[in-house]
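These notes are about the structure you will find just below.
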Amino acid sequence: MARIDLKDVIGGAVFGAVGLFFFVKALGYGIGTPRNMGSGFVPMSLGLAAMIIAVFIVVPALRREGVQPQIAWRPLVAVAASIAGFALTCRWLGYVPATALVVLFAAAGSRENSALKTIALAAAAAAGIWLVFGLGLRIPTPPIRGLS
Amino acid sequence: MELFTIGFPAAVTPDNLLYCFLGVFLGTFIGVLPGIGGITAVSLLLPISFYLDPMTALIFLSGIYYGAEYGGSLASVLLNLPGTASNAITCLDGYPMAQAGRAGVALLTTKVASFAGGCFGILLLIFLSPLMSSLALSFGAADYFTAMLLGLIAASTVGRGSPLKGIAMVVLGLLLGGIGMDVNTGIARYNLGLLELQDGLHIAIIAMGLFGVSELIASATIPRDKNKRLSVSMSSMIPTRDDVRRALLPMLRGAGVGSVFGTLPGTGQSIASFMSYALEKRTARDPSRFGQGAIEGIAGPEASNNAAVQTAFIPTLSLGIPGTATMAILLAAMLMQGITPGPNLVSDHPELFWGLIASFWIGNVMLLILNIPLIGLWIRILAIPYNLLYPSVIALICVGVYSLNLNIFDVWVLLVFSLIGYGMRLVGFEPAPLILGFVLGPLIEENFRRAMLLARGDFLELFMRPISGTLIAVSAVIVIWRIYSFARQRSRYRPSEAPAD
């Protein structure tokens, strides 16, 4: 319990900031008139609407109690690292080894995954992906770099 | 009727039959997995659909959609863990039935009720879509604009959460949809100087990040009950005469309820099944049986949510206005395949329209028949521990995203949206309205511009025209009503007693 509804305050504030960004950028694209709209007309209006809505979300939330959000750090970091790992290694190793890497990192997000289980799972997933994308769909990129 | 002259012949080609089967099979499979619902299933397999030609792709994706709906009910009955949100109602009476040893009958009821609901929905689809299409032919740009606006407002404000936050997410989706080249002027908007953003963001990546990955992260920490020894034999499925008698009317009522909520934009399977349950409880002679294994409590809601799933196609196909986020993704898939849903769909692509409807019927029959022997397989899948499952799904998502353009940039975008999606879940902002806004954004802007051009910049035109004026009025009424009722609901509970999101 906290004195303010942190969820809505943070969410609303971020939303308002995004709206501000779109609004400001839109001014640079040319507004035009309603009859002859420039590229920026609609984004500007939307950005403005976003900022107004954000105010209506944040202000009441400052005076209202709320449940604090709980972040599940372990799975979050594990999954984020796994996707980043895929992005970094996919070109260099090929998507099949990158898949194994994803599974290894992502599985670390759960306490129940032992090293042995994870390795077996990574191998199985890699094989499965190879079957579906390499042999089934035949996407035009080598599964393992070096293999044609 | 064209359904038989054009539809069925188009739907029973080997390719279409194969992908219809694959769709319902994979859909049921993914729906059975707890924590992964219909929209995630469709997003996951969206990249694969791009390799198929338009009609086959749509048959495939739709099969996944209603297959997942069915698969979710299996997990609800057997594990008390709904596969999709709309199956949560099935847990209420399905799980007690399973505990009383009547799992087989419960599962059969869900199958048959789903089939009945689906058929009813398809019938409505057959008759209402052409009707709505012809009505919409008289729509001008202003009318389309306000109709889409109404759809967005309905979809974002109806439901449990704060209507303001829902609208906020729609606006965010609209803004994100604006990223990319503006067709009217050729200016690249919001691409942050990056060439890759020139064409805007890809719906599949956003959907998989916001729904798929973020849902997987959030579900990873939910404790799972591991020691379930389940077995359901085929003979245990045979219902008693009493069961059949009790289940019949609820099925019909459920199909009706579901069809109403499926067609209306903003309401979908979840509300449909909830309403059906409430209706059955109210019309039952002995309401106290509900919650303890009343067969009416499954028959009604299951028929209802399948009817809603089928009728959700009515506004999507005949008007081009999706009522739910999943429909929005299907709409996006259609647009990417070069098909424009709307009043002209029936006349321009009759084989696609009628063939799709024929495939719905075929798919529902497949679900009914094939799932009887396959039930053992699904039960074995339910036993797969979640912690082994989600890393594989993440890997599938990564490769799926990469396969879209063979561009690593897309994977980074996936990461960004996964984090955004998780963040949104933490602060209680719904991702579904965002998808709707994203898909409809470019269309809404185009219609708005055209409307303003025709009206020579006069905003009042929107209110003056009969159709658009009515639609705006309805939108305004919905927004005001929802904000008012939400505010009242909130003030009724002290914050410390408020149910957690």
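Protein chains in written order, with the numbering used here: chain A, 1127 to 1274; chain B, 167 to 667. Note that beta-carbon positions come from the ideal geometry of N, C-alpha and C, so glycine has one too.
Beta carbon proximity, residue i to chain A, threshold 7 Å
{"i": "B/Tyr217", "result": "yes"}
{"i": "B/Cys564", "result": "yes"}
{"i": "B/Gly339", "result": "no"}
{"i": "B/Ile383", "result": "yes"}
{"i": "B/Asn357", "result": "no"}
{"i": "B/Arg615", "result": "yes"}
{"i": "B/Thr323", "result": "no"}
{"i": "B/Asn393", "result": "Note that B/Asn393 has pLDDT 48, beneath the 50 cutoff, so the model's placement of it is unreliable and no number is given."}
{"i": "B/Asp309", "result": "no"}
Below-7 Å beta-carbon distance, residue i vs any chain B residue
{"i": "A/Pro1269", "result": "no"}
{"i": "A/Gly1272", "result": "no"}
{"i": "A/Phe1141", "result": "yes"}
{"i": "A/Ser1240", "result": "no"}
{"i": "A/Trp1218", "result": "no"}
{"i": "A/Leu1146", "result": "no"}
{"i": "A/Ile1265", "result": "yes"}
Proximity of residue i and residue j at Cβ, strictly below 7 Å
{"i": "B/Met417", "j": "B/Ala279", "result": "yes"}
{"i": "B/Thr276", "j": "B/Glu468", "result": "yes"}
{"i": "B/Ile255", "j": "B/Val579", "result": "no"}
{"i": "B/Thr206", "j": "B/Gly489", "result": "no"}
{"i": "B/Met314", "j": "B/Ile610", "result": "yes"}
{"i": "B/Leu602", "j": "B/Leu338", "result": "no"}
{"i": "B/Val423", "j": "A/Gly1137", "result": "no"}
{"i": "B/Tyr231", "j": "B/Leu533", "result": "no"}
{"i": "B/Ala386", "j": "B/Tyr588", "result": "no"}
{"i": "B/Phe575", "j": "B/Leu342", "result": "no"}
{"i": "A/Phe1167", "j": "A/Gly1158", "result": "yes"}
{"i": "B/Gly466", "j": "B/Ser484", "result": "no"}
{"i": "A/Ala1226", "j": "A/Ser1208", "result": "no"}
{"i": "B/Phe260", "j": "B/Ala272", "result": "Per the sequence presented here, residue 260 of chain B reads as Gly, with Phe not at that position. Their beta carbons are under 7 Å apart, which means B/Gly260 touches B/Ala272 by this criterion."}
{"i": "B/Phe564", "j": "A/Phe1212", "result": "Just to set this straight, residue 564 of chain B is Cys in the shown sequence, not Phe. A contact, by the Cβ cut-off of 7 Å."}
{"i": "B/Arg355", "j": "A/Ser1165", "result": "yes"}
{"i": "A/Ile1265", "j": "B/Ser569", "result": "yes"}
{"i": "B/Val380", "j": "B/Gly270", "result": "Going by the sequence as given, residue 380 of chain B is Ser instead of Val. It is not a contact, given that the beta carbons lie outside the stated cut-off."}
{"i": "B/Gly327", "j": "B/Glu596", "result": "yes"}
Nearest candidate by alpha-carbon position, reference residue i, set the options
{"i": "A/Gly1142", "options": "B/Val271, B/Tyr261, B/Ile333 and B/Gly344", "result": "B/Ile333"}
{"i": "B/Phe456", "options": "B/Leu619, B/Arg412, B/Gly566 and B/Pro431", "result": "B/Arg412"}
{"i": "B/Pro481", "options": "B/Leu497, B/Asn471, B/Gly466 and B/Asn472", "result": "B/Leu497"}
{"i": "A/Leu1146", "options": "A/Glu1238, A/Arg1264 and A/Ala1176", "result": "A/Ala1176"}
{"i": "B/Ser436", "options": "B/Pro220, B/Ser239, B/Ile225 and B/Val643", "result": "B/Ser239"}
{"i": "B/Phe216", "options": "B/Leu360, B/Tyr185 and B/Ile292", "result": "B/Tyr185"}
{"i": "B/Ala598", "options": "B/Lys331, B/Pro220, B/Met298 and B/Asn613", "result": "B/Lys331"}
{"i": "B/Ile644", "options": "B/Gly270, B/Ser322, B/Ile487 and B/Ile560", "result": "B/Ser322"}
{"i": "B/Phe440", "options": "B/Gly459, B/Met500 and B/Ile464", "result": "B/Ile464"}
{"i": "B/Ile214", "options": "A/Ile1245, A/Ile1270, A/Gly1262 and A/Met1170", "result": "A/Gly1262"}
{"i": "A/Ala1252", "options": "B/Leu247, B/Ser558 and B/Gly346", "result": "B/Ser558"}
{"i": "B/Gly486", "options": "B/Asn472, B/Val512 and B/Leu376", "result": "B/Val512"}
{"i": "B/Pro405", "options": "B/Pro329, B/His515, B/Leu274 and B/Val190", "result": "B/Leu274"}
{"i": "A/Val1144", "options": "A/Ile1178, A/Arg1200, A/Ala1250 and A/Gln1194", "result": "A/Ile1178"}
{"i": "B/Asp309", "options": "B/Leu199, B/Val410 and B/Met618", "result": "B/Met618"}
{"i": "A/Pro1201", "options": "A/Pro1269, A/Met1170, A/Ser1171 and A/Ala1234", "result": "A/Ala1234"}
{"i": "B/Gln655", "options": "B/Asp452, B/Asn613 and B/Pro329", "result": "B/Pro329"}
{"i": "B/Ser651", "options": "B/Val324, B/Thr171 and B/Ile319", "result": "B/Val324"}
{"i": "B/Phe283", "options": "B/Gly306, B/Ala473 and B/Ala176", "result": "As written in the sequence, residue 283 of chain B is Gly, which differs from the Phe given in the question. Of B/Gly306, B/Ala473 and B/Ala176, the residue nearest in Cα terms is B/Ala473."}
{"i": "B/Gly432", "options": "B/Gly542, B/Leu562, B/Ile319 and B/Ala176", "result": "B/Ile319"}
{"i": "B/Gly306", "options": "B/Gly203, B/Thr429, B/Val426 and B/Gly508", "result": "B/Gly508"}
Exposure of residue i, with buried meaning 16 or more beta-carbon neighbours within 10 Å
{"i": "B/Gly529", "result": "buried"}
{"i": "B/Ser454", "result": "exposed"}
{"i": "B/Pro551", "result": "exposed"}
{"i": "B/Ser470", "result": "buried"}
{"i": "B/Val475", "result": "buried"}
{"i": "A/Asn1162", "result": "exposed"}
{"i": "B/Asn350", "result": "exposed"}
{"i": "B/Trp293", "result": "A small correction: the amino acid at residue 293 of chain B is Phe; Trp does not occupy that position in the sequence shown. So B/Phe293 counts as exposed."}
{"i": "A/Gly1220", "result": "buried"}
{"i": "B/Arg657", "result": "In the sequence under discussion, the amino acid at residue 657 of chain B is Ser, which differs from the Arg named in the question. So B/Ser657 ends up on the exposed side."}
{"i": "B/Ser304", "result": "exposed"}
{"i": "B/Pro180", "result": "exposed"}
{"i": "B/Thr449", "result": "exposed"}
Below-7 Å beta-carbon distance, residue i vs any chain C residue
{"i": "A/Leu1261", "result": "In the structure shown, chain C does not exist; the protein chains are A and B."}
* Near-chain A residues of the region 594–610 of chain B - C-beta to any C-beta below 8 Å -> Listed by position, the residues of the region 594–610 of chain B near chain A (Cβ gap below 8 Å) are Gly594 and Phe595.
* **Contact residues within the region 1155–1185 of chain A, judged by C-beta distance below 9 Å to chain B** => Residues are counted here when their Cβ sits less than 9 Å from a Cβ of chain B; for the region 1155–1185 of chain A these are Tyr1155, Gly1156, Thr1159, Pro1160, Arg1161, Asn1162, Met1163, Gly1164, Ser1165, Gly1166, Phe1167, Val1168, Pro1169, Leu1172, Gly1173, Ala1175, Ala1176, Ile1179, Ala1180, Phe1182 and Ile1183, given in chain order.
* Where the region 579–592 of chain B meets chain A: residues whose CB sits under 7 Å from a CB there -> Of all residues in the region 579–592 of chain B, only Leu580, Leu581, Ser584, Leu585, Tyr588 and Leu592 place a beta-carbon less than 7 Å from a beta-carbon of chain A.
* Mind checking the region 219–249 of chain B against chain A and listing, in chain order, the residues whose C-beta falls within less than 7 Å of any C-beta there? => Answer in chain order: no residues at all.
* Contact set between the region 1190–1214 of chain A and chain B, restricted to residues whose Cβ is under 7 Å from the partner -> Along the region 1190–1214 of chain A, the positions whose C-beta sits under 7 Å from a C-beta of chain B are Arg1190, Glu1191, Gly1192, Val1193, Pro1195, Ile1197, Ala1198, Pro1201, Leu1202, Val1205, Ala1206, Ser1208, Ile1209, Ala1210, Phe1212 and Ala1213, read in chain order.
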